[in-house]
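> Quick one: this structure, given as structure tokens, is what I'll be asking you about.
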Amino acid sequence: DAKTTQPNSMESNEEEPVHLPCNHSTISGTDYIHWYRQLPSQGPEYVIHGLTSNVNNRMASLAIAEDRKSSTLILHRATLRDAAVYYCILTGTASKLTFGTGTRLQVTL
Amino acid sequence: GAGVSQSPSNKVTEKGKDVELRCDPISGHTALYWYRQSLGQGLEFLIYFQGNSAPDKSGLPSDRFSAERTGGSVSTLTIQRTQQEDSAVYLCASSLNSVLGRWEKLFFGSGTQLSVL
Numbered sequence: 001d002a003k004t005t006q007p008n009s010m011e012s013n014e015e016e017p018v019h020l021p022c023n024h025s026t027i028s029g030t031d032y033i034h035w036y037r038q039l040p041s042q043g044p045e046y047v048i049h050g051l052t053s054n055v056n057n058r059m060a061s062l063a064i065a066e067d068r069k070s071s072t073l074i075l076h077r078a079t080l081r082d083a084a085v086y087y088c089i090l091t092g093t094a095s096k097l098t099f100g101t102g103t104r105l106q107v108t109l
Numbered sequence: 110g111a112g113v114s115q116s117p118s119n120k121v122t123e124k125g126k127d128v129e130l131r132c133d134p135i136s137g138h139t140a141l142y143w144y145r146q147s148l149g150q151g152l153e154f155l156i157y158f159q160g161n162s163a164p165d166k167s168g169l170p171s172d173r174f175s176a177e178r179t180g181g182s183v184s185t186l187t188i189q190r191t192q193q194e195d196s197a198v199y200l201c202a203s204s205l206n207s208v209l210g211r212w213e214k215l216f217f218g219s220g221t222q223l224s225v226l
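Protein sequences appear in the order of chains A and B. The first sequence runs 1 to 109 under the numbering used here. The second sequence runs 110 to 226 under the numbering used here.
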């Protein structure tokens, strides 16, 4: 599977936008970019995914670079409930998700 | 059910004993996954099922670990002769099918916290 690189941790103030970066320079044409997050003491939950075009849903937006070698998860207004570990994962024809170490997001008042 | 259900939520056992962990996937989901997460670590894939068969068992750490799925629904992960290094949160997830590229996403349960004393 193609590999992703994320910062270990990031901080944000509440009600401000957060941009979580992910590098995936070896992405292949069939790889989708998935984001999951894991709140404390819970299993991961799906956030968003995309292939080439930017995507929006009620939780977040996903901005994908034109060359697809990087992407950014955007939380438009961070809240304390968004404090979690965020995982960026590539899937092609894989039948399983391989989780890296993710980015731990801290949100402060 | 409404979501993926795992039981028990907590299990404390003595070294050397066998344990069984249960997962009830979302109704209609044909793919089922087991992961484990040691304290402060990322998720480690163990095994996945498509229906009742397990095409990928590559993550099972030793032959003390086994899993089965019956009726295309409930799955049981069994750990024999538990060791202290088996202590972790065991997470189960399900999806409609196992082709995860375009459409599919995983739905996770809350996990079973296993502590081996």
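All residues carry an ideal CB built from backbone N, CA and C; glycine is no exception.
1) Looking only at DSSP bridge pairs, what is Thr221 (chain B) linked to?
2) Within the 9 angstroms Cβ cut-off, does Tyr86 (chain A) reach chain B?
3) Evaluate Asp67 (chain A) with the Cβ neighbour count: other Cβ atoms within 10 Å of its Cβ, from every protein chain shown; 16 or more gives buried, anything less gives exposed.
4) Can you tell me where the beta strand (DSSP E) holding Val113 (chain B) begins and where it ends?
5) What do you reckon, are the CB atoms on Ser184 (chain B) and Thr122 (chain B) nearer than 9 angstroms?
6) Are there three or more Cβ pairs, one per stretch, closer than 8 angstroms when the segment 133-144 of chain B is compared with the segment 196-205 of chain B?
7) Please work out which residues of its chain come closer than 8 angstroms, Cβ to Cβ, to Gln159 (chain B), disregarding the five sequence neighbours upstream and downstream, and give them in chain order.
8) Taking just the CA atoms, how far does Tyr87 (chain A) sit from Ala176 (chain B)?
9) Can you say whether Arg190 (chain B) is buried or exposed, counting buried as having 16 or more other CB atoms within 10 angstroms of its CB?
10) With a threshold of 9 angstroms between beta carbons, is Pro170 (chain B) in contact with chain A?
Looking at the coordinates:
1) As a position in the second sequence, residue 221 (chain B) is number 112, starting the count at 1. Per DSSP, B:Tyr199.
2) Taking the first sequence and counting its residues from 1, one reaches residue 86 (chain A) at position 86. Chain B, which has no Cβ nearer than 9 angstroms to the Cβ of Tyr86 (chain A), makes this no.
3) Taking the first residue of the first sequence as position 1, residue 67 (chain A) is located at position 67. By the 10 Å Cβ count, Asp67 (chain A) comes out exposed.
4) Position 4 of the second sequence, counting from 1, holds the residue named residue 113 (chain B). Unbroken run through Val113 (chain B): none, as it is neither H nor E.
5) Indexing the second sequence from 1 puts residue 184 (chain B) at position 75. Indexing the second sequence from 1 puts residue 122 (chain B) at position 13. No, the pair does not count as a contact, with Cβ atoms beyond the cut-off.
6) yes
7) Position 50 of the second sequence, counting from 1, holds the residue named residue 159 (chain B). Around Gln159 (chain B): Thr139, Ala140, Asn206 and Ser207.
8) Reading the second sequence from its first residue, position 67 is the one you call residue 176 (chain B). Reading the first sequence from its first residue, position 87 is the one you call residue 87 (chain A). Cα to Cα, the separation comes out at about 26 angstroms.
9) Taking the second sequence and counting its residues from 1, the one referred to as residue 190 (chain B) is at position 81. Arg190 (chain B) comes out exposed.
10) What you label residue 170 (chain B) is simply residue 61 of the second sequence in a count that begins at 1. So, not an interface residue.
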